[in-house]
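Contents: one structure, followed by commentary.
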Amino acid sequence: MLDRHANDVLGFLIAAVGPQDAEDCFQETFLAALRGYPKLGDDGNLRGWLLTIAHHKAIDHHRGRGRRATPSGEGPEVAVAGPEPGSGIWGAVAGLPPKQRTAVALRFACDMPHREIAAALDCSEDAARRNVHEGVKKLREVLA
Amino acid sequence: MNRKTDSVLRELVDGPPEDAVVAARGRFARVADEAGLLDVAYAREDSPFGPILLAATGLGLVMVSLPAQEPDTALRRLSSEVSPRVIEAPARLDNVRRELDLYFSGRLREFDLPLDWQLTAGFRRRVLRATARIPYGETRSYTEMARRAGNQRAQRAAGSALGSNPIPIVVPCHRVLRSGGALGGYGGGPAMKEALLELEGSA
Numbered sequence: 000m001l002d003r004h005a006n007d008v009l010g011f012l013i014a015a016v017g018p019q020d021a022e023d024c025f026q027e028t029f030l031a032a033l034r035g036y037p038k039l040g041d042d043g044n045l046r047g048w049l050l051t052i053a054h055h056k057a058i059d060h061h062r063g064r065g066r067r068a069t070p071s072g073e074g075p076e077v078a079v080a081g082p083e084p085g086s087g088i089w090g091a092v093a094g095l096p097p098k099q100r101t102a103v104a105l106r107f108a109c110d111m112p113h114r115e116i117a118a119a120l121d122c123s124e125d126a127a128r129r130n131v132h133e134g135v136k137k138l139r140e141v142l143a
Numbered sequence: 000m001n002r003k004t005d006s007v008l009r010e011l012v013d014g015p016p017e018d019a020v021v022a023a024r025g026r027f028a029r030v031a032d033e034a035g036l037l038d039v040a041y042a043r044e045d046s047p048f049g050p051i052l053l054a055a056t057g058l059g060l061v062m063v064s065l066p067a068q069e070p071d072t073a074l075r076r077l078s079s080e081v082s083p084r085v086i087e088a089p090a091r092l093d094n095v096r097r098e099l100d101l102y103f104s105g106r107l108r109e110f111d112l113p114l115d116w117q118l119t120a121g122f123r124r125r126v127l128r129a130t131a132r133i134p135y136g137e138t139r140s141y142t143e144m145a146r147r148a149g150n151q152r153a154q155r156a157a158g159s160a161l162g163s164n165p166i167p168i169v170v171p172c173h174r175v176l177r178s179g180g181a182l183g184g185y186g187g188g189p190a191m192k193e194a195l196l197e198l199e200g201s202a
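Written as structure tokens, this is what we have:
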């Protein structure tokens with residue numbers, strides 16, 4: 000029943016960490032979910048819960064990357080599945096501040112309501128709405 | 000909103016490319032298996048009667064869901080009655096798929112597959128275990144199966160045990176007919192029951 004949500008999770012992770020690292024985060028997300036799954040009741044919000052785990056994996060990923068201080072640019076050797084590099088789209092989303100990036104990814108890649116985005120980000124619904132709004136505004140500026 | 004931003008958001012909304020999702024799920028089946036977290040592997044398979052769904056645990060084949068049955072219902076049942084760790088992992092069902100292919104083409108008369116009986120218990124399980132021993136090309140009556148399960152008068156219960164068979168085809172409930180030879184019911188529909196009997200040369 001978990002893999003019904005594979006689309007949303009991968010979509011979110013591509014937006015959150017970029018196409019080349021999304022798959023690793025995807026594997027970690029689903030492993031963590033499998034380990035924790037029996038604790039979740041049948042009626043729980045499986046998708047919201049999975050995306051929250053994915054969100055945490057994305058944060059871990061960015062922290063790890065920060066420590067290693069590797070450049071975040073999309074090298075030409077990167078040819079992993081996902082929209083072609085150089086379109087600037089993923090670079091632009093990845094360049095957003097973390098909360099805005101997550102909010103934008105959850106809102107548009109996962110079609111998630113602001114209430115659930117707020118739960119995933121552990122903030123108020125207003126703050127979630129603001130993060131989506133600011134994120135889209137910044138995307139407009141970057142891509143204008 | 001300008002056109003360029005629109006296209007950004009549309010790409011996000013469209014989601015990841017299909018092949019990326021397939022690749023990620025395929026790799027996850029292996030990763031989960033290696034981590035010992037794959038409790039139920041399932042595969043969707045084509046059959047001469049339409050798509051079927053096969054599921055196996057570490058013990059063996061636990062479910063065959065026929066074309067007439069809803070795959071989602073089967074997956075929900077596996078998730079609630081066996082384990083929520085249900086993952087599409089066709090490689091774990093290679094043997095089952097190979098034997099079924101041979102059977103459907105008339106080149107296999109006896110399945111040699113480990114079975115997991117956990118979706119059935121008690122009298123029902125006894126009926127189904129006896130059913131598993133009915134030879135290819137032969138048929139039995141409901142009364143006979145009730146008797147073999149230890150209660151000759153429980154032919155209705157035997158009928159409902161066969162109707163609840165979680166592993167049809169491999170546990171050949173299609174070989175059980177009404178006394179007098181009438182076809183009786185079948186989870187995959189009467190036409191499929193008849194076709195299987197014909198395949199085995201006993202129609």
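Chain order of the listed sequences is D and G. Per numbering that gives the first Met the number 0: the first sequence = residues 0 to 143. Per numbering that gives the first Met the number 0: the second sequence = residues 0 to 202. Backbone N, C-alpha and C fix where the C-beta goes; we use that ideal spot for every residue, glycine too.
Hey, quick one: how far does the alpha helix (DSSP H) through D/Pro18 stretch, first residue to last? Looking up residue 18 of chain D in the first sequence gives position 19. Unbroken alpha helix (DSSP H) run through D/Pro18: Pro18 to Gly35.
Can you give the beta carbon distance from G/Leu127 to G/Ala160, rounded, assuming they're within the 8 Å contact cut? Against the second sequence, residue 127 of chain G aligns to sequence position 128. Against the second sequence, residue 160 of chain G aligns to sequence position 161. G/Leu127 to G/Ala160, Cβ: 6 Å. Contact.
Interfacial residues, the segment 26-42 of chain G to chain D, with Cβ spacing under 7 Å: Arg26, Phe27, Val30, Ala31, Ala34 and Leu36
C-beta neighbour in chain D for G/Pro128, strict 8 Å: For this step, residue 128 of chain G is matched to residue 129 along the second sequence. The sequence given here places Arg at residue 128 of chain G; Pro does not occur at that position. The beta-carbon of G/Arg128 is placed no less than 8 Å from the nearest beta-carbon of chain D.
Scan the segment 95-112 of chain D for residues whose Cβ lies nearer than 8 Å to a Cβ of chain G and list them as they occur along the chain. Val103, Ala104, Phe107, Ala108 and Asp110
Taking the alpha helix (DSSP H) that G/Tyr185 falls in, what are its first and last residues? Taking the first residue of the second sequence as 1, we reach residue 185 of chain G at position 186. That residue, G/Tyr185, is in no alpha helix (DSSP H); it is neither H nor E in DSSP.
Cα-Cα separation, G/Leu99 to G/Pro47: Position 100 of the second sequence, counted from the first residue, corresponds to residue 99 of chain G. Position 48 of the second sequence, counted from the first residue, corresponds to residue 47 of chain G. Cα to Cα, G/Leu99 sits roughly 11 Å from G/Pro47.
Which bits of chain D does G/Val12 rub up against, with CB to CB less than 8 Å? The residue given as residue 12 of chain G occupies position 13 in the second sequence. Under the 8 Å cutoff, chain D gives Phe107, Ala108 and Asp110.
Backbone CA spacing between D/Ala93 and D/Pro18 [nearest angstrom]: The residue labelled residue 93 of chain D in the question sits at position 94 within the first sequence. The residue labelled residue 18 of chain D in the question sits at position 19 within the first sequence. Straight-line Cα distance between these residues: approximately 10 Å.
Using a Cβ-Cβ cut-off of 8 Å, state whether G/Val175 counts as contacting chain D. If you number the second sequence from 1, residue 175 of chain G lands on position 176. By this cut-off, G/Val175 is not an interface position.
Around the Cβ of D/Asp125, are there at least 16 other Cβ atoms within 10 angstroms (buried) or fewer (exposed)? If you number the first sequence from 1, residue 125 of chain D lands on position 126. Result: exposed.
Would you tell me roughly how many angstroms separate the C-alpha atoms of G/Ala120 and D/Asn130, rounded to the nearest one? By one-based count along the second sequence, residue 120 of chain G stands at place 121. By one-based count along the first sequence, residue 130 of chain D stands at place 131. Spanning the two alpha carbons is a distance of roughly 54 Å.
With the cut-off set at 8 Å, would you say G/Ala55 and G/Leu92 are in Cβ contact? One-based indexing of the second sequence puts residue 55 of chain G at position 56. One-based indexing of the second sequence puts residue 92 of chain G at position 93. Cβ distance < 8 Å, so G/Ala55 and G/Leu92 count as in contact.
Starting from G/Gly162 and walking both ways along the alpha helix (DSSP H), at which residues does that stretch end? What you label residue 162 of chain G is simply residue 163 of the second sequence in a count that begins at 1. Residues Gln154 to Gly162.
Name, please, each residue of chain G whose Cβ falls closer than 7 Å to the Cβ of D/Asp59. Counted from its first residue, the first sequence places residue 59 of chain D at position 60. Here the premise fails: no neighbours, minimum Cβ distance about 17 Å.
Can you tell me whether DSSP reads G/Ser79 as helix, strand or coil? Within the second sequence, residue 79 of chain G is the residue found at index 80, counting from 1. The answer is helix: DSSP assigns G/Ser79 an H, G or I state.
Segments of 4+ residues assigned as alpha helix (DSSP H) that fall wholly inside the segment 55-137 of chain G: Scanning the segment 55-137 of chain G for uninterrupted alpha helix (DSSP H) segments of 4 residues or longer gives 70-80, 93-103 and 121-130, listed from N- to C-terminal end.
Under 8 Å, do D/Ala21 and D/Ile52 count as touching if we go by C-beta distance? Your numbering for residue 21 of chain D matches position 22 in the first sequence. Your numbering for residue 52 of chain D matches position 53 in the first sequence. Not closer than 8 Å, so no.
Neighbour list for D/Ala14 in chain G, Cβ cutoff strictly below 7 Å: Here residue 14 of chain D refers to the residue found at position 15 when the first sequence is read from its first residue. By Cβ distance, chain G contributes Leu11.
Please name the residue in D/Ala57, D/Asp23 and D/Gly10 whose C-alpha comes closest to that of D/Asp110. Within the first sequence, residue 110 of chain D is the residue found at index 111, counting from 1. It is D/Gly10.
If you compare alpha carbons, which of D/Gln99, D/Gly90 and D/Gly35 is closest to D/Ile58? Stepping through the first sequence from its first residue, residue 58 of chain D is reached at position 59. For the set D/Gln99, D/Gly90 and D/Gly35, the Cα lying nearest the Cα of D/Ile58 is the one of D/Gln99.
In the DSSP assignment, what are the bridge partners of G/Gly49? Counting from 1 along the second sequence, the entry for residue 49 of chain G is found at position 50. In DSSP, G/Gly49 forms a bridge with G/Ser46.
By the three-class DSSP mapping on this structure, what secondary structure does G/Arg139 have? Along the second sequence, read from residue 1 onward, the residue named residue 139 of chain G stands at position 140. Strand at G/Arg139.
Do G/Val85 and G/Thr138 come within 8 Å of each other at the CB atom, strictly closer than that value? Position 139 of the second sequence, counted from the start, is the residue given in the question as residue 138 of chain G. Position 86 of the second sequence, counted from the start, is the residue given in the question as residue 85 of chain G. No, the Cβ-Cβ distance between G/Thr138 and G/Val85 is not below 8 Å.
Tell me which residues share the same chain as G/Gly136 and place their Cβ nearer than 6 Å to its Cβ, disregarding the 5 neighbours each side in the sequence. If you number the second sequence from 1, residue 136 of chain G lands on position 137. Once the five neighbours on either side are set aside, the close Cβ partners of G/Gly136 are Glu199, Gly200 and Ser201.
Strictly by DSSP, which residues pair up with G/Leu176? Mapped onto the second sequence, residue 176 of chain G falls at position 177. Beta-bridge pairing links G/Leu176 to G/Ser140.
One or two residues paired with D/Val135 in a DSSP bridge: Position 136 of the first sequence, counted from the start, is the residue given in the question as residue 135 of chain D. Note: D/Val135 sits in no beta bridge, so no partner.
Could you have a look at G/Ala40 and say whether DSSP puts it in helix, strand or coil? In the second sequence, residue 40 of chain G corresponds to position 41, counting from 1. It is a strand residue.
Check whether the Cβ of D/Gln19 lies closer than 8 Å to any Cβ atom in chain G. Numbered from 1 along the first sequence, position 20 holds the residue referred to as residue 19 of chain D. Judged by the 8 Å Cβ criterion, D/Gln19 is not in contact with chain G.
What do you reckon, are the CB atoms on D/His113 and D/Arg46 nearer than 8 Å? As a first step, residue 113 of chain D is located in the first sequence; it is residue number 114 there, counting from the start. As a first step, residue 46 of chain D is located in the first sequence; it is residue number 47 there, counting from the start. Taking 8 Å as the Cβ cut-off, D/His113 and D/Arg46 do not qualify as a contacting pair.
Am I right that G/Gly186 and G/Leu11 are in contact with their C-beta atoms under 8 Å? What's the rounded C-beta distance? Numbered from 1 along the second sequence, position 187 holds the residue referred to as residue 186 of chain G. Numbered from 1 along the second sequence, position 12 holds the residue referred to as residue 11 of chain G. Contact doesn't hold; Cβ gap of about 43 Å is too wide.
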